[in-house]
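Visitor:
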Amino acid sequence: MEIRGSPMVVESMIEAITNTEPTCLKSLTLSHCSSAISFPSGRLPASLKTLKICDLKKLEFPTQHKHELLESLEIYESCDSLTSLPLATFPNLKCLRIENCENMESLLVTGSDSPKTLSSFKICNCPNLKSLPDQMSTLFPKLENLEIFKCPEIECFPEGGMPPNLRKIVIGNCEKLLSGGAWPSMEMLTHVTIWGPCDGIRSFPKEGLLPPSLVSLRIFGFSCLETLDSKGLLHLTSLQKLEIDCCQKLVNMEEEKLPVSLNKLREKRLLMSMQLTGNIPLYTSACRLTYTIRHVTQETVTYYCIVAGIPKGHRE
């Protein structure tokens, strides 16, 4: 069910749903209401499995009671009064999305009541959020995907290790997190995607920052990135795919110091994709890197040169 529009309609529908307690209501979307509204008795409909809230800034989110069946929670530009989200109220949560909640400061969770079923977590544009919960390895043992965007105050990953099933991390425009020390207990991680612009980062990655278990590394949109740090890449002995895009200032790539695992292109593809701005040093570096991959066919080299817009005279 989706409810949107007039404050009177939204409020009356929420009240009707709460009072009648329909047992068949599994999914609810609330959107685009500017008035102050709340759930009567501070409870969500007991049968709900999916709740999506969009652009309800004055909605009072119910945090005093457990919502046993809820599996998916998405909050977008809503609930301005919500400064902390007690995850213990959602013991069976599998998917959590929080975006553009500027007053969100913390995620409250305790070991005994954590949603141990959580497998996917995305948080975006929460400028006052300073950290992720500690002991995530035990709090969220089934977490596989973690996405963090525009959370400038998060400086490091939490103490106590990361979830043992975590395979994929996407980080966007979190300069402190990308400039800090080594990521702790990340041996299970295989896929990392990094987004800029992060204007203060000119060299990436720092030595020891990324775990050696990485199979895929994608770097996008770093406006001031000039150098790929070979010391931060050489230990990535499992790396099979390196993708770089929209890094117009990147001109320094020491191709002879890349992980040797990238040579196995026939069996394990290397995608070297760059958005070029017409300056020869950048696309020359791209070609030079491609040629160091010993198992690449000439057809593959030509293909990537064409995609990158590299003139024939600069492909040799």
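Here the working numbering is used: the first residue of the sequence shown is 2, the next is one more, and so on. For glycine and all other residues, C-beta sits at the position ideal for the given N, C-alpha and C.
Does DSSP classify glycine 161 as helix, strand or coil?
Guide: coil
Visitor: Closest by CA to leucine 86, which one among Lys177, Pro198, Gln65, Glu145?
Guide: Gln65
Visitor: Is the distance from the Cβ of lysine 250 to the Cβ of glutamate 227 below 9 Å?
Guide: The answer is yes: Cβ separation under 9 Å.
Visitor: Would you report the Cα separation of lysine 53 and proline 41, rounded to the nearest angstrom?
Guide: 18 Å
Visitor: May I ask you to report which of helix, strand or coil DSSP gives valine 110?
Guide: coil
Visitor: Quick check on DSSP: helix, strand or coil for isoleucine 311?
Guide: The predicted model places isoleucine 311 with a pLDDT of 47, which falls under 50 and marks its position as unreliable; any figure quoted below should be read in that light. Here isoleucine 311 sits in coil by DSSP.
Visitor: Would methionine 137 pass as a contact of glycine 173 if the rule is Cβ separation under 9 Å?
Guide: no
Visitor: Just list the residues that DSSP pairs serine 132 with in beta bridges.
Guide: Note: serine 132 sits in no beta bridge, so no partner.
Visitor: With a threshold of 8 Å (Cβ to nearest heavy atom), would lysine 67 be considered close to the ligand GDP?
Guide: Ligands in the displayed structure: none, and consequently the ligand GDP is not present.
Visitor: Nearest-angstrom Cα distance between cysteine 199 and phenylalanine 205?
Guide: 11 Å
Visitor: Run through DSSP, which three-state label would glycine 209 get?
Guide: coil
Visitor: Alpha carbon to alpha carbon, how far is methionine 105 from serine 32? Give it in angstroms, no decimals.
Guide: 19 Å
Visitor: Between Ser73, Glu12, Leu83, Thr51, which lies nearest to glutamate 61 when the distance is taken from Cα to Cα?
Guide: Leu83
Visitor: Counting C-beta neighbours from all protein chains within 10 Å, is the total for serine 79 16 or more, i.e. buried, or is it exposed?
Guide: buried
Visitor: Quick one: grab the DSSP three-state call for threonine 167.
Guide: The residue you asked about is not threonine; residue 167 is leucine in the sequence shown. The DSSP-derived three-state label of leucine 167 is coil.
Visitor: Taking C-alpha atoms, which residue in Leu49, Val216, Thr30 lies nearest to asparagine 93?
Guide: Leu49
Visitor: Could you pull the start and end residues of the alpha helix (DSSP H) that glutamate 244 belongs to?
Guide: Here glutamate 244 belongs to no alpha helix (DSSP H); instead the beta strand (DSSP E) covers 242-246.
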